[in-house]
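A.B. asks: The structure that follows is given in the form of structure tokens.
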């Protein structure tokens, strides 16, 4: 009995994010529909649209709904964990080899009730030193992007799929992602955002359980537990490839 539909709050936030074209391409919020007659017909129509969207995701290499919430978790506000509790559970983590080379854990920063969450790849040298994600050059660009959207950095929440810096900023390895993944999911569950923006290939591929390149996934909305997820280029990539900034705004 679940399908996706629009409400005025969702549409308004999309307009604030300057992605009105998405209103015509994807339905993004789950609502409970009940009733008979014409309403039942609308339900079947919407379920068909959802099924078609799921097939489109699979065609792009996305394993729909493969990444589960933590066992026993539900999405109701009363049952969500808090960020403080998630951080406490993470503790002085030694679950993977990165704890041997990190300076400190970089958990996340921002509004714990944010409508929009940015998920990046991993802390860099500046983040490892300061204990806050996206504070280096890439972070400064991300802040400018957020401000260009008419928001402030403190309005959103920012985190990474890894909480510790990989040596020499190398890409995350599979065992490291698996160790951190439960805490990322619990962070997102605790916040309950309306939208998620995945920054770069590793973050997108982790959340969508896809091996597809970011160049194919970017600019399209995907379902993540009923939350619309938009992949885009990582700010570090935009610094290395300034010509891609124009694509990132499309």
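Numbering (the numbering used here), first residue to last: 74 to 323. Idealized CB from N, CA, C, for every residue including glycine.
Does the beta-carbon of residue 249 have 16 or more other beta-carbons within 10 angstroms, so that it is buried, or is it exposed?
C.D. replies: Buried, because 16 or more other Cβ atoms sit within 10 Å of the Cβ of residue 249.
A.B. asks: Which residue wins for smallest C-alpha separation from residue 292, given the options 237, 319, 184?
C.D. replies: Of the candidates 237, 319, 184, the one whose C-alpha sits nearest the C-alpha of residue 292 is 319.
A.B. asks: Using alpha carbons as the reference points, say which of 260, 315, 280 lies closest to residue 303.
C.D. replies: Here the closest residue by C-alpha is 280.
A.B. asks: Using the Cα positions of residue 276 and residue 155, report the straight-line distance between them to the nearest angstrom.
C.D. replies: Their Cα atoms are separated by approximately 22 Å.
A.B. asks: Within the same chain, show all residues whose beta-carbon is closer than 6 Å to that of residue 177, passing over the 5 residues directly before and after it, in chain order.
C.D. replies: Closer than 6 Å at the Cβ level, and outside the excluded window around residue 177, lie 204.
A.B. asks: Starting from the C-beta of residue 207, find all residues in its chain whose C-beta is less than 6 Å away, skip the five residues before and the five after it, and write them out in chain order.
C.D. replies: Within the same chain, residue 207 has close Cβ partners 215, 231.
A.B. asks: Counting Cβ pairs closer than 8 Å, one from the stretch 159 to 172 and one from the stretch 227 to 245, do we hit at least three?
C.D. replies: Judged by Cβ distances under 8 Å, the stretch 159 to 172 makes contact with the stretch 227 to 245, as three or more pairs qualify.
A.B. asks: So residue 305 is in the beta strand (DSSP E); what residue range does that whole segment cover?
C.D. replies: First-last of the beta strand (DSSP E) with residue 305: 300 to 305.
A.B. asks: Distance, Cα to Cα, residue 180 vs residue 271?
C.D. replies: Cα to Cα, the separation comes out at about 16 Å.
A.B. asks: Does the pairing of the stretch 281 to 290 with the stretch 190 to 199 give three or more beta-carbon distances under 8 Å?
C.D. replies: No: fewer than three Cβ pairs fall under 8 Å.
A.B. asks: Within 10 Å of its beta-carbon, does residue 316 have 16 or more other beta-carbons around it, so buried, or fewer, so exposed?
C.D. replies: The residue is exposed, with fewer than 16 neighbouring Cβ atoms inside 10 Å.
A.B. asks: Which of helix, strand or coil does DSSP assign to residue 271?
C.D. replies: Reduced to three states, the DSSP call for residue 271 is strand.
A.B. asks: What span of residues does the alpha helix (DSSP H) with residue 159 cover, start to end?
C.D. replies: That run of the alpha helix (DSSP H) goes 156 to 163.
A.B. asks: Any idea which residues DSSP pairs residue 204 with across the strands?
C.D. replies: Bridge partners of residue 204: none, in fact.
A.B. asks: Report the three-state DSSP secondary structure of residue 123 (helix, strand or coil).
C.D. replies: With a pLDDT of only 38 at residue 123, under 50, the local geometry of the prediction cannot be trusted, and the value read off the model is given with reservation. Note: residue 123 maps to helix in three-state DSSP.
A.B. asks: Tell me, which residues are paired with residue 231 by DSSP?
C.D. replies: In the DSSP output, where bridge partners are listed per residue, residue 231 has 182, 191.
A.B. asks: How would you call residue 273, buried or exposed, if buried means at least 16 neighbouring beta carbons within 10 angstroms?
C.D. replies: Counting Cβ neighbours within 10 Å, residue 273 comes out buried, since at least 16 surround it.
A.B. asks: Among 252, 254, 300, which residue has its Cα nearest to the Cα of residue 268?
C.D. replies: Checked all of 252, 254, 300; the closest Cα to residue 268 is 300.
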